[in-house]
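>
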Amino acid sequence: MDKKIFITTPIYYVNDVPHMGHAYTTVAADVLARYYKAQDKEVFFLTGTDEHGAKIAEAADKSGKKPKEFVDSLVPRFEKTWENLNIKYNGFIRTTDPKHEEVVKELVSKLKDKGFVEKRKYEGLYCVGCEKYLGEDELVDGKCPDHGKEPIKQSEENYFFLLSKFEDKLKSAIKNNEIEITPESRKNEVLGKIDQGLEDVSISRAAVEWGISFPDDPKQTIYVWIDALINYYSAGKMFNEEKIWPPDIHLMAKDILWFHAVIWPAVLMALDMPLPKKVFAHGFFTIGGKKMSKTLGNVLDPNKMVEKFGADVVRYALLREFPFGEDGDISEKKIADRYNSDLAGGIGNLLNRTLNMIKKYDFESDIKDYFSKKDWKSINLSQYKLLEGEMGLKKELDENVDNLNFMNALVDIWLHLVKTTNGMIDNEKPWELIKNGKQDEAKKVLMYSIGNLVLFSDLIAPFMPETAKKMEDQLKTLEPEPLFPRIEDK
Ligand code: MSP
Numbered sequence: 008m009d010k011k012i013f014i015t016t017p018i019y020y021v022n023d024v025p026h027m028g029h030a031y032t033t034v035a036a037d038v039l040a041r042y043y044k045a046q047d048k049e050v051f052f053l054t055g056t057d058e059h060g061a062k063i064a065e066a067a068d069k070s071g072k073k074p075k076e077f078v079d080s081l082v083p084r085f086e087k088t089w090e091n092l093n094i095k096y097n098g099f100i101r102t103t104d105p106k107h108e109e110v111v112k113e114l115v116s117k118l119k120d121k122g123f124v125e126k127r128k129y130e131g132l133y134c135v136g137c138e139k140y141l142g143e144d145e146l147v148d149g150k151c152p153d154h155g156k157e158p159i160k161q162s163e164e165n166y167f168f169l170l171s172k173f174e175d176k177l178k179s180a181i182k183n184n185e186i187e188i189t190p191e192s193r194k195n196e197v198l199g200k201i202d203q204g205l206e207d208v209s210i211s212r213a214a215v216e217w218g219i220s221f222p223d224d225p226k227q228t229i230y231v232w233i234d235a236l237i238n239y240y241s242a243g244k245m246f247n248e249e250k251i252w253p254p255d256i257h258l259m260a261k262d263i264l265w266f267h268a269v270i271w272p273a274v275l276m277a278l279d280m281p282l283p284k285k286v287f288a289h290g291f292f293t294i295g296g297k298k299m300s301k302t303l304g305n306v307l308d309p310n311k312m313v314e315k316f317g318a319d320v321v322r323y324a325l326l327r328e329f330p331f332g333e334d335g336d337i338s339e340k341k342i343a344d345r346y347n348s349d350l351a352g353g354i355g356n357l358l359n360r361t362l363n364m365i366k367k368y369d370f371e372s373d374i375k376d377y378f379s380k381k382d383w384k385s386i387n388l389s390q391y392k393l394l395e396g397e398m399g400l401k402k403e404l405d406e407n408v409d410n411l412n413f414m415n416a417l418v419d420i421w422l423h424l425v426k427t428t429n430g431m432i433d434n435e436k437p438w439e440l441i442k443n444g445k446q447d448e449a450k451k452v453l454m455y456s457i458g459n460l461v462l463f464s465d466l467i468a469p470f471m472p473e474t475a476k477k478m479e480d481q482l483k484t485l486e487p488e489p490l491f492p493r494i495e496d497k
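Mapping of the sequence shown onto our numbering: position 89 corresponds to residue 96, and the numbering continues sequentially without gaps.
What follows is the structure, encoded as structure tokens:
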């Protein structure tokens, strides 16, 4: 059997309240998964929660709960958010799952057996927010730039993974796209940083109890990041999915690219395992230019936005607002603007006016007939070549989605289908054609519009599954109902 396309999001720290930043990566992964599924490809889409480490232990302590009890109580918050956003993952992994813990221990033991682990003393500046040691050069005014806090000096005897041994291998794997790091600018950043030299990384913690115990040394736990990265592999074991390895795409924001583009592949190289094919780092959602994060307290709750606008609108606004690789601001106002312009005023209006005219001019039976034949070519409005251009649009869309150019994909669909069709109706004025007794001409215009709406609902389905379904129903029954009613009316 063929390999399944394996798509991952990061596993999110379970004590974080899911916010728009998390939703961003997860929605993108869902769109990608749905897109490939619609092409009849087999897909495994994995997400989950990261549940060990100092940060979570601290939070559990504060809430007066035992860590396991604490993390158990938090998982539903993520599951519920993904349900609200209509995310259809194939597996949700938790790092406290015993099967995952077993696989992590197994792989770390293998790393040891193969001679890539050494015990050493270490001293450094640790940011609990990042769960990693930071170099002096990474600090801004002595503070972690992402968390705005001073890291703490920490010194301990740890096990180290000999990352430095993989410098050359990593460089060539990245350079020749064996691991494809995208966008290109990020790839160059990673290569530049590798060129400065790779230091071995500590993969155990003596000070952290809440973690998977280190093989043959119960005084230490496995560093939460190593534990977390291995989720991508343990998932196959957990969900009995033998055909998913290696991952086709790891999706994440740029904050954790280094772990995915360097540390993770090096671990896999050390274990002689096939490498992930693609690592894509998108930008940050910002609010007033600052990264959206719990620590900065400037988060936007996707659940509230879904309640207000509906899942599809949030999905659309997230991916439409700015290019996927870049940083960009998001706000309730921006979502509302998209709602009013592109959705209610754009596609909603097109569908509504088309169906209303069909009803008014009594074209229902002809159009139903047309549907049963699906005979696109029989419509011939020479100045509007769009239906014949269907293949071109699909090809462009495939390319955009393959390259994670979600914004371009959406802009294209709107431009070619919504804007052109609305413009065509404005030009042809079916209401005047009817007045002048040109029934057939008017019918052609509306059929053309219907054709484009059918195509639209098909192409938009991975992005806006509910909208696609609603459109399909209305197009089949020819019963108009506002797709995106005015927000005040909701
Ligand atoms: N637990 C680690 C990941 C382990 S993966 C083996 C972690 N978790 S996290 O909860 O902090 O999630 C980080 C990820 O959340 C980012 O890489 C990104 O996918 C998403 N985002 C969190 N905040 C974000 C923004 N403000 N903007 C865009 N994405 C953001 O790191």
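Where a beta carbon is used, it is the ideal one built from N, C-alpha and C, also for glycine.
Find out if the Cβ-Cβ distance for the pair residue 133, residue 209 is shorter than 7 Å.
The answer is no: Cβ separation not under 7 Å.
> Report the rounded CA-to-CA distance for residue 249 versus residue 14, giving the unit in angstroms.
Between residue 249 and residue 14, the C-alpha separation is close to 15 Å.
> Give me, in chain order, the residues of the same chain whose beta-carbon lies closer than 6 Å to that of residue 286; leave out the 5 immediate sequence neighbours on both sides.
So the qualifying residues of the chain are 188, 257, 267 and 268.
> Once the 5 residues before and after residue 252 are set aside, which same chain residues still bring their CB inside 6 Å of it?
Closer than 6 Å at the Cβ level, and outside the excluded window around residue 252, lie 243.
> For the beta strand (DSSP E) that residue 225 lies in, which residues bound it at each end?
Per DSSP, residue 225 belongs to the beta strand (DSSP E) from 224 to 229.
> Which class does residue 21 belong to by DSSP, given the choice of helix, strand or coil?
Three-state result, residue 21: coil.
> Using CA atoms only, rank isn't needed, just tell me which of 213, 280, 370 and 22 is closest to residue 237.
Selected option, being the one with the closest Cα: 280.
> Using only the alpha-carbon positions, how far apart do residue 344 and residue 327 sit?
When rounded, the distance between both Cα atoms is 12 Å.
> Use the C-beta contact count for residue 212: other C-beta atoms within 10 angstroms, 16 or more gives buried, fewer gives exposed.
So residue 212 ends up on the buried side.
> DSSP three-state label for residue 12, please.
Looking at residue 12 - three-state DSSP - the assignment turns out to be strand.
> Touch check for the segment 87 to 105 and the segment 54 to 72: three-plus C-beta pairs under 8 Å?
With the cut-off at 8 Å, the segment 87 to 105 and the segment 54 to 72 touch.
> Closer than 6 Å by C-beta to residue 501: which residues in its own chain qualify, once you throw out the five before and the five after it? Chain order, please.
No answer is possible for residue 501: the residues shown for the chain start at 8 and end at 497.
> Could you tell me if residue 184 is buried or exposed, where buried requires 16 or more neighbouring beta carbons within 10 angstroms of its beta carbon?
Residue 184 is exposed by the Cβ-count criterion.
> Bridge partners of residue 289, per DSSP?
Answer is 260, bridged to residue 289.
> With residue 140 as the anchor, note down where its alpha helix (DSSP H) starts and where it stops.
No alpha helix (DSSP H) contains residue 140, which is instead part of the beta strand (DSSP E) from 139 to 141.
> Output the residue ranges of the alpha helix (DSSP H) runs that lie fully inside the segment 163 to 214 and measure 4 residues or longer, sorted by chain position.
Fully enclosed alpha helix (DSSP H) runs of 4 or longer: 174 to 182 and 191 to 202.
> With a 10 Å radius around its C-beta and 16 neighbouring C-beta atoms as the bar for buried, classify residue 199 as buried or exposed.
Residue 199 should be labelled exposed.
> Suppose you measure from the CA of residue 475 to the CA of residue 214; what does that come to, to the nearest Å?
One C-alpha to the other measures close to 52 Å.
> Opposite residue 100 in the DSSP bridges: which residues?
Per DSSP, 55.
> Between the alpha carbons of residue 451 and residue 357, how many angstroms are there, rounded?
About 16 Å.
> Between residue 94 and residue 416, what straight-line distance do the alpha-carbon atoms span, to the nearest angstrom?
Computed Cα separation, rounded: 19 Å.
> Considering only C-alpha positions, which residue in the set 21, 291 and 42 is nearest to residue 76?
Checked all of 21, 291 and 42; the closest Cα to residue 76 is 21.
> Which whole runs of the beta strand (DSSP E) in the segment 279 to 341 are 3 residues long or more, in chain order?
Whole beta strand (DSSP E) segments, 3+ residues: 285 to 289 and 292 to 294.
> Return the chain-ordered list of same chain residues with a C-beta closer than 6 Å to the C-beta of residue 110, the five sequence neighbours on each side being excluded.
Closer than 6 Å at the Cβ level, and outside the excluded window around residue 110, lie 241 and 244.
> Let me check understanding here. Comparing Cα to Cα, which of 278, 302, 304 and 414 lies closest to residue 331?
For residue 331, the nearest C-alpha among the options comes from 414.
> Is the distance from the Cβ of residue 490 to the Cβ of residue 355 below 7 Å?
In contact: residue 490 and residue 355 (Cβ atoms closer than 7 Å).
> If contact is defined by three or more beta carbon pairs under 8 Å, each pair taking one atom from either stretch, is the segment 95 to 114 in contact with the segment 39 to 52?
Judged by Cβ distances under 8 Å, the segment 39 to 52 makes contact with the segment 95 to 114, as three or more pairs qualify.
> Could you round the C-beta distance between residue 222 and residue 80 to whole angstroms and report it? I think they count as a contact, below 8 Å.
30 Å between Cβ atoms; not a contact.
> Since residue 193 and residue 261 are thought to touch, with beta carbons under 8 Å apart, how far apart are those beta carbons, to the nearest angstrom?
So it is a contact: roughly 6 Å between Cβ atoms.
> Say yes only if the C-beta of residue 273 is nearer than 6 Å to one or more non-hydrogen atoms of ligand 1, and no if none qualify.
Answer for residue 273: no, Cβ out of range of ligand 1.
> Considering only C-alpha positions, which residue in the set 138, 480, 272 and 333 is nearest to residue 412?
Looking at the Cα atoms, 333 is the closest of the given residues.
> Would you mind stating whether residue 166 and residue 126 have Cβ atoms separated by less than 7 Å?
Taking 7 Å as the Cβ cut-off, residue 166 and residue 126 qualify as a contacting pair.
> If you check the beta carbons only, do residue 34 and residue 325 fall under 7 Å apart?
Their beta carbons are under 7 Å apart, which means residue 34 touches residue 325 by this criterion.
> Go to residue 87, then tell me how far its alpha helix (DSSP H) extends in each direction, as first and last residue.
Per DSSP, residue 87 belongs to the alpha helix (DSSP H) from 74 to 91.
> Contact between the segment 465 to 484 and the segment 310 to 324: three or more CB pairs below 8 Å?
Verdict: yes, contact present.
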